[in-house]
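Let me begin by presenting the structure, written as structure tokens, before commenting on it.
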Ligand SMILES: Cc1cc2nc3c(=O)[nH]c(=O)nc-3n(C[C@H](O)[C@H](O)[C@H](O)COP(=O)(O)O)c2cc1C
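In this note's numbering, the protein residues as written are 68 to 241.
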């Protein structure tokens, strides 16, 4: 797909089919994440945890539901969740900026492969709050989970494309 079309088609998907994302597509998504810009090219300060285990996904969802006092599947029944973790950054914010660049590359690549995605904040909070969950998903020592991106095949077809226009306030200095 043409890049602008992929950008216009990407949207947060909040209902998924149970089917796992194919290994080939998932690898392409993760590899695209690793092609993202990262401060001083310190890729070794980052870590992906790819969770496809239904029991663990259920535990993450339940912990978020308890913490946020909310109903429904907190990860939208997505079959795959990628947690992005980072070591302590050299300066505040670099960790989240790195992870955001990675996440967008991954979500655009997913869109191009007709795989849905959504960036979800709750899982990282749930993992930090529940040490047994952190242990179960084996995030390496010294890494902090920042946020996650869920992937899966959308439950409903939605070919709508966004209008690409500037909708954030701006000022131009010439
Ligand atoms: C930093 C950040 C945090 C987000 N957290 C969540 C979240 O916890 N749950 C969720 O369903 N969507 C989350 N989103 C998705 C946004 O709600 C979504 O991107 C926004 O509404 C625009 O819609 P679109 O992605 O369909 O274009 C998050 C997005 C970002 C960038």
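Idealized CB from N, CA, C, for every residue including glycine.
Quick caveat, the model's predicted, so the values are computed rather than measured.
Rounded distance between the beta-carbons of residue j and residue i, thought under 8 Å
i           : j           : result
residue 191 : residue 159 : Rounded, the Cβ-Cβ distance is 17 Å, inconsistent with contact.
residue 216 : residue 149 : 5 Å
residue 130 : residue 219 : About 20 Å separates the two Cβ atoms, so there is no contact after all.
residue 88  : residue 143 : 14 Å between Cβ atoms; not a contact.
residue 126 : residue 200 : 6 Å
residue 229 : residue 82  : 19 Å between Cβ atoms; not a contact.
residue 177 : residue 96  : 5 Å
residue 256 : residue 214 : In this structure the chain extends from 68 to 241, so residue 256 is not present and cannot be described.
Three-state secondary structure (DSSP) of residue i
i           : result
residue 154 : coil
residue 217 : strand
residue 118 : strand
residue 149 : strand
residue 84  : coil
residue 234 : coil
residue 184 : strand
residue 89  : coil
residue 190 : helix
residue 72  : helix
residue 136 : coil
Spatially closest choice to residue i from the options, by CA coordinates
i           : options               : result
residue 84  : 228, 229 and 221      : 221
residue 173 : 210, 100 and 164      : 100
residue 73  : 209, 180 and 95       : 180
residue 106 : 154, 68 and 70        : 154
residue 189 : 95, 102, 76 and 133   : 133
residue 79  : 241, 234 and 223      : 223
residue 210 : 94, 141, 151 and 125  : 151
residue 108 : 232, 165 and 76       : 165
residue 161 : 110, 94 and 177       : 110
residue 157 : 206, 77, 113 and 236  : 113
residue 68  : 145, 120, 168 and 175 : 175
residue 167 : 95, 194 and 102       : 102
residue 145 : 86, 203, 193 and 138  : 86
residue 77  : 204, 240 and 225      : 225
residue 121 : 115, 91, 136 and 140  : 140
residue 135 : 196, 241 and 115      : 196
residue 93  : 182, 163, 232 and 238 : 182
residue 204 : 91, 104, 90 and 124   : 124
Opening and closing residue of the alpha helix (DSSP H) in which residue i lies
i           : result
residue 208 : First-last for residue 208: undefined, no H or E at that position.
residue 179 : 161–179
Short CB-CB distance (under 8 Å) between residue i and chain C
i           : result
residue 176 : Considering every chain present, this structure includes no chain C. It has just one protein chain.
For this session: Anything with a beta carbon under 6 Å from a heavy atom of ligand 1 counts; list them all in chain order.
Result: 78, 79, 81, 185, 186, 187, 188 and 189
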